[in-house]
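Each protein sequence line maps, in turn, to chains P and B.
Just so you know, my numbering puts 125 at position 125 of the first sequence, and the rest follows in order with no gaps.
Just so you know, my numbering puts 36 at position 36 of the second sequence, and the rest follows in order with no gaps.
By construction, the Cβ of each residue, glycine as well, lies at the ideal position given by its N, Cα and C atoms.
What you are looking at is a predicted structure, and each value in this text was computed from that prediction instead of being measured.
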Amino acid sequence: MSKIKMTAKVASQEMIGPDIYSLWIQAGEIAKQARAGQFVSVYTKDASKLLPRPISICEIDREAGALRLVYRIAGGGTKEFAGYRAGDTVTVLGPLGNGFPEISADRQAFLIGGGIGIPPMLELAKELNCEKTAVLGYRDAQLFLKEEFESYAKVVVATEDGSVGTKGNVLDAIREQGLIADMTQHLKLPAGEAVKQKSAAPVILACGPTPMLRALKAFAAEHRIECWLSLEERMACGVGACLACVCQTSQVDAHSNVHNKRICKDGPVFEAGEVEL
Amino acid sequence: MIDTRVTIAGVELKNPVMTASGTFGSGKEYSEFVDLSRLGAVVTKGVANVPWPGNPTPRVAEVYGGMLNAIGLQNPGVDVFARRDIPFLKKYDTKIVVNVCGRTAEDYIDVVERLGDEPVDLLEINISCPNVKEGGIAFGQDPKAVETITRQVKDHAKQPIIMKLSPNVTDITVMAKAAEAGGADAISLINTLTGMKIDIHKRTFALANKTGGMSGPAIKPIAVRMVYQAANAVKLPIIGMGGIAAAEDAIEFLLAGATAVSVGTANFFNPYATVEIVEGIENYMKKYGIADVKELIGAVR
C-alpha cells in the first residue's frame, strides 16, 4: 500500500446536518486502496493555512473511484471545503492510518458513533457481513446519515436533548434499549462453551469524542467485550514523522520506545486495552 | 555541468539541501515520498541518552502562515536510535546528521560519546529547543553557557559539531561568536521562535504546553536576517533554516550567507518539498548560468 498525494475532482457536495457536509471526490488511486477507518489529509487552497486537515473516510466507491468525506465545519479550513462545488478540485493525501480490523462473519458487531465520529462507521457498516447494530449518538433531532445506516444495520439512537431515541449518550442508549443482554451473552455460557464460541462473541467498534471512547473502554473491560476505538488528535504531518498526534499506551511502544503511539500512523484505530484515554 | 556540492566541516554534501530536525523523523516516513539519496543530508529528530516521552497533547497548532509545536523532544533514546535508525539511513547515499538533545552537559556528552563509533557524519547539538524546561534553550540564551557547552561537547565528540542556535535572543551574533569561541565546527539557525495561541472559544491555550515553537513560511524573513547577521559575524559555515518551502527560499538563505539549508515544516504540507527544492536550485543555476552553487553563498552583502 502506498500513500498518494493527488488533485481530486469534487463530484458533489451537500449539507446534511448543522455545519455538517458530505463531499464526494473522485480520487481513484486512493479509493482503490482505502479501507474503512482510514483517513485522508485534505489541503486548503488558502496558503496561510499550512497544515492539511485529517478527515475520516465515510464511504468508498471503489468502482467509481470515489471517496465520501463527511465533516463538520470546525474552522477556516473546513469552511473553505464546505464551499467546494462539483467540478472544483481539492488536493488530498491518502489513504492514511490503519483501518478497522477484519471481523469474521459469525461475530456480532456493535458500531458506535458519536457526533462527527459517526461518518467513519458507515463504510464499516457497509463492509461487515456479520450481524451488526449501529448505536448513533447525536446532539438533537438532526440525524445525519441515520437512514443510510438503516440499509446495513439495526440502528439505535441517542440524542443529548432527548428529541429522538434515548435521552443521553450512546452508553445510555445501550443500557436503555436492551443491548447489554446481546453484548454479554458470551459471558453466560459455561467457561468451555465460551471459549468454543469465541468467534461468535460481540465486538465493539467505535469513533467519537474522547469521553465517549473512555466510557466505552471501561464498559467493554467490565463486560469483557473486544473493543476497537478510533482516536482523534491535532495532527501536523499525518504520516508518522512529527510525533504531534500521540496517544498514551499501556505498554512501551516498539517504535517510540516510550508509552506513546502515533495516532496517524499506528492508529487511528486501536484495541481499547492498548491505549490510555 | 553544474556543481551543487558544498562542504560543511570537511564533510562534502552532494547538494546544500538537508532536512530540519524534528520534521523528518529519521527519514523512514518520508522515504515513501522522496528518494533520500537525492538529499545533501538527513538531519534526524533530536535524540537523547535515554527515551523521552515528550509533552502532553495537543502538541501542535496552526497559526497564520505557520504553526506552533511543543512536541517536547519525544525520542526513543540513543540505543534504539543507533540500532534501528542509523542502519536504515545507511542504505541511502546521503550524509547522516544526528541532532542531539539533553538536559545537562553530561546528557549531551553521553550521546555524542555513544555515537562516536557510529557511521554518523555530523552532530547537530540542540541548545535551543523552547519546549523543554531543562536543557535545550537553557543553554542557548546565555553566551557563556553556549561557549561552555560547545567546548564540553567538542571535547568528547568524534564527529564535527554543529551548534543549533535559538532565535529567541537579543543579538544572534553574540551567540554565533560564543559557539565559534567554544570550538564549534558549524552553526545552524534558526530554531523555532517561542509563540502562543489562545483558543477564544474554549478560553484555553491551544497547546497543552501553553507556549510552542513557531515555524513555517511566516518566520522566513526573521531567519534570513539572522543568517545574514551571523554570516557576517563568524567564519563558521552556516546551515540556514526557517520557513523554507521552495527553492527560491533556499536560494535566499544561500545568498544571505548559508552554506547549506534545512527544510522543515514544508515537509508537513508538501512531502515532496526537499527534492523539489534540490531540483529548483539546479534550475535556478542553469537559468542564471551559475556553474558552482558555492558562488551563491553570501553573494549578497
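Note to self: The beta strand (DSSP E) that contains Glu59/P, what's its start and end?
What the structure shows: Position 59 of the first sequence holds residue 59/P. Segment Arg53 to Asp61, the beta strand (DSSP E) holding Glu59/P.
Check: Phe268/B by DSSP, collapsed to three states: which one?
Finding: As a working mapping, residue 268/B is identified with position 268 in the second sequence. DSSP places Phe268/B in helix when its eight states are reduced to three.
Next item on the list: Measure from the alpha carbon of Arg234/P to the alpha carbon of each residue in Trp228/P, Leu243/P, Cys227/P and Gln185/P, then state which is nearest.
Entry: Reading the first sequence from its first residue, position 234 is the one you call residue 234/P. Nearest of Trp228/P, Leu243/P, Cys227/P and Gln185/P to Arg234/P, Cα basis: Leu243/P.
Check: For Ile219/B and chain P, any beta-carbon pair shorter than 9 Å?
Finding: As a position in the second sequence, residue 219/B is number 219, starting the count at 1. Output row for Ile219/B: interface = no.
Item checked: CB contact flag (Gly240/B, Ala218/B, <9 Å) -> The residue given as residue 240/B occupies position 240 in the second sequence. The residue given as residue 218/B occupies position 218 in the second sequence. Not closer than 9 Å, so no.
Check: Looking only at C-alpha atoms, which of Gln33/P, Pro119/P and Met6/P sits nearest to Tyr71/P?
Finding: Within the first sequence, residue 71/P is the residue found at index 71, counting from 1. Ranking Gln33/P, Pro119/P and Met6/P by Cα distance to Tyr71/P puts Pro119/P first.
Next item on the list: Return the CA-CA distance between Ala233/B and Val300/B, expressed in angstroms with no decimal places.
Entry: The residue given as residue 233/B occupies position 233 in the second sequence. The residue given as residue 300/B occupies position 300 in the second sequence. Using only the alpha carbons, I get a separation of about 15 Å.
Next item on the list: Look at the Cβ atom of Arg62/P, then the Cβ atom of Pro202/P, and state whether they are nearer than 9 Å.
Entry: As a first step, residue 62/P must be located in the first sequence, where it is residue number 62. As a first step, residue 202/P must be located in the first sequence, where it is residue number 202. No, they are not a contact pair.
Margin query: Restricting to Cα atoms, I'd like to know which of Phe270/P, Val239/P, Val155/P and Gly238/P is closest to Glu251/P.
Written below: Position 251 of the first sequence holds residue 251/P. In the sequence on display, residue 251/P carries Gln and not Glu. Put simply, of Phe270/P, Val239/P, Val155/P and Gly238/P the residue whose alpha carbon is nearest the alpha carbon of Gln251/P is Phe270/P.
Margin query: For a contact defined as C-beta to C-beta under 7 Å, what are the partners of Pro52/P on chain B?
Written below: Along the first sequence, one-based indexing puts residue 52/P at 52. By Cβ distance, chain B contributes Phe269.
Check: Whose CA, out of Asn98/P, Glu102/P and Ala125/P, lies closest to the CA of Phe110/P?
Finding: As a first step, residue 110/P is located in the first sequence; it is residue number 110 there, counting from the start. For Phe110/P, the nearest C-alpha among the options comes from Ala125/P.
Check: Relative to the C-alpha of Ile25/P, which residue among Lys49/P, Leu51/P and Cys58/P is closest?
Finding: The sequence position of residue 25/P within the first sequence is 25, counting from 1. Closest option to Ile25/P, Cα to Cα, is Cys58/P.
Next item on the list: Would you please state the rounded distance, in angstroms, between the beta carbons of Gly99/P and Arg35/P? I believe it to be under 8 Å.
Entry: For the purposes of this step, residue 99/P is taken as residue 99 along the first sequence, with counting starting at 1. For the purposes of this step, residue 35/P is taken as residue 35 along the first sequence, with counting starting at 1. Correct: roughly 3 Å between the Cβ atoms.
Margin query: Can you check which of these residues, Tyr84/P, Lys32/P and Asp88/P, is closest to Leu67/P by C-alpha distance?
Written below: By one-based count along the first sequence, residue 67/P stands at place 67. The residue with the shortest Cα to Cα distance from Leu67/P is Lys32/P.
Margin query: Any contact between the region 3 to 19 of chain B and the region 212 to 230 of chain P? By contact I mean 3 or more CB pairs, one from each, below 8 Å.
Written below: Short answer: they don't touch.
Notebook entry, point to check: Does any C-beta atom of chain P lie closer than 9 Å to the C-beta of Ile71/B?
Noted result: Position 71 of the second sequence holds residue 71/B. Closer than 9 Å: yes.
Checklist line | Unbroken alpha helix (DSSP H) run spanning Lys286/B, endpoints | finding: Position 286 of the second sequence, counted from the start, is the residue given in the question as residue 286/B. Here the alpha helix (DSSP H) through Lys286/B covers Ala273 to Tyr288.
Margin query: For Ile251/B and Tyr284/B, which I take to be in contact (beta-carbon distance under 8 Å), what is that distance rounded to the nearest angstrom?
Written below: If you number the second sequence from 1, residue 251/B lands on position 251. If you number the second sequence from 1, residue 284/B lands on position 284. About 6 Å; that satisfies the 8 Å criterion.
Checklist line | For Asp46/P, the three-state DSSP class (helix, strand or coil) | finding: Looking up residue 46/P in the first sequence gives position 46. Looking at Asp46/P - three-state DSSP - the assignment turns out to be coil, as it is neither helix nor strand.
Next item on the list: Rounded to whole angstroms, what's the CA-CA distance from Leu89/B to Lys45/P? Just pull it up for me.
Entry: Taking the first residue of the second sequence as position 1, residue 89/B is located at position 89. Taking the first residue of the first sequence as position 1, residue 45/P is located at position 45. Going by the C-alpha atoms only, they are around 34 Å apart.
Next item on the list: List the endpoints of the continuous beta strand (DSSP E) containing Ala66/P.
Entry: By one-based count along the first sequence, residue 66/P stands at place 66. For Ala66/P, the uninterrupted beta strand (DSSP E) segment begins and ends at Ala66 to Arg72.
Check: Can you tell me whether Cys130/P is buried or exposed, with buried defined as 16 or more other CB within 10 angstroms of its CB?
Finding: Residue numbering aside, residue 130/P sits at position 130 when the first sequence is read from its first letter. Cys130/P should be labelled exposed.
Notebook entry, point to check: Taking contact to mean at least 3 C-beta pairs separated by less than 8 Å, is the region 34 to 42 of chain B in contact with the region 85 to 104 of chain B?
Noted result: Yes, they touch.
Margin query: By the 7 Å beta-carbon criterion, what residues does the region 194 to 207 of chain B contribute toward chain P?
Written below: none
Next item on the list: Could you tell me which residues DSSP pairs with Gly113/P in its beta bridges?
Entry: For the purposes of this step, residue 113/P is identified with residue 113 of the first sequence, where counting begins at 1. DSSP, once it has assigned bridges, lists Leu136/P and Cys207/P as partnering Gly113/P.
Check: What's the gap between the Cα of Ala157/B and the Cα of Val174/B?
Finding: Looking up residue 157/B in the second sequence gives position 157. Looking up residue 174/B in the second sequence gives position 174. Going by the C-alpha atoms only, they are around 24 Å apart.
Notebook entry, point to check: Identify the residues that DSSP records as bridge partners of Leu187/P: which are they?
Noted result: Counting from one through the first sequence, the residue named residue 187/P turns up at place 187. According to DSSP, which records beta bridges pairwise, Leu187/P is partnered with nothing at all.
Notebook entry, point to check: What are the boundary residues of the beta strand (DSSP E) that Leu68/B is part of?
Noted result: Here residue 68/B corresponds to residue number 68 of the second sequence, with the count starting at 1. Its beta strand (DSSP E) spans residues Gly66 to Asn69.
Check: Can you name the residues that DSSP bridges to Ala260/B?
Finding: Locating residue 260/B in the second sequence gives position 260, counting from the first residue. Beta-bridge pairing links Ala260/B to Ile239/B.
Next item on the list: Compare the C-beta of Glu276/B against all C-beta atoms of chain P and say whether one is closer than 9 Å.
Entry: Residue mapping note: residue 276/B aligns to position 276 of the second sequence, counting from 1. The beta carbon of Glu276/B does not come within 9 Å of any beta carbon belonging to chain P, so the residue lies off that interface.
Check: Straight-line CA distance for Phe269/B to Lys177/B?
Finding: Locating residue 269/B in the second sequence gives position 269, counting from the first residue. Locating residue 177/B in the second sequence gives position 177, counting from the first residue. For Phe269/B and Lys177/B, the distance between alpha carbons rounds to 35 Å.
Note to self: For the region 24 to 38 of chain B, list every residue whose C-beta sits within 7 Å of some C-beta in chain P, in sequence order.
What the structure shows: For the region 24 to 38 of chain B, which is checked against every Cβ of chain P, the residues closer than 7 Å are Phe24, Gly25, Glu29, Tyr30 and Glu32.
Next item on the list: Find out if the Cβ-Cβ distance for the pair Ser22/P, Gly37/P is shorter than 9 Å.
Entry: The residue given as residue 22/P occupies position 22 in the first sequence. The residue given as residue 37/P occupies position 37 in the first sequence. Not a contact, by the Cβ cut-off of 9 Å.
Check: Among Val90/P, Ala134/P, Arg214/P and Ala220/P, which has the Cα closest to the Cα of Tyr43/P?
Finding: Residue 43/P sits at position 43 when you count from the first residue of the first sequence. Checking every option, the nearest Cα to that of Tyr43/P belongs to Val90/P.
Margin query: Measuring straight from C-alpha to C-alpha, what distance separates Cys247/P and Ile2/B?
Written below: Along the first sequence, one-based indexing puts residue 247/P at 247. Along the second sequence, one-based indexing puts residue 2/B at 2. The alpha-carbon atoms of Cys247/P and Ile2/B are separated by roughly 47 Å.
Check: Should Leu93/P be flagged as near chain B, meaning a C-beta pair shorter than 9 Å?
Finding: As a position in the first sequence, residue 93/P is number 93, starting the count at 1. Interface residue, yes.
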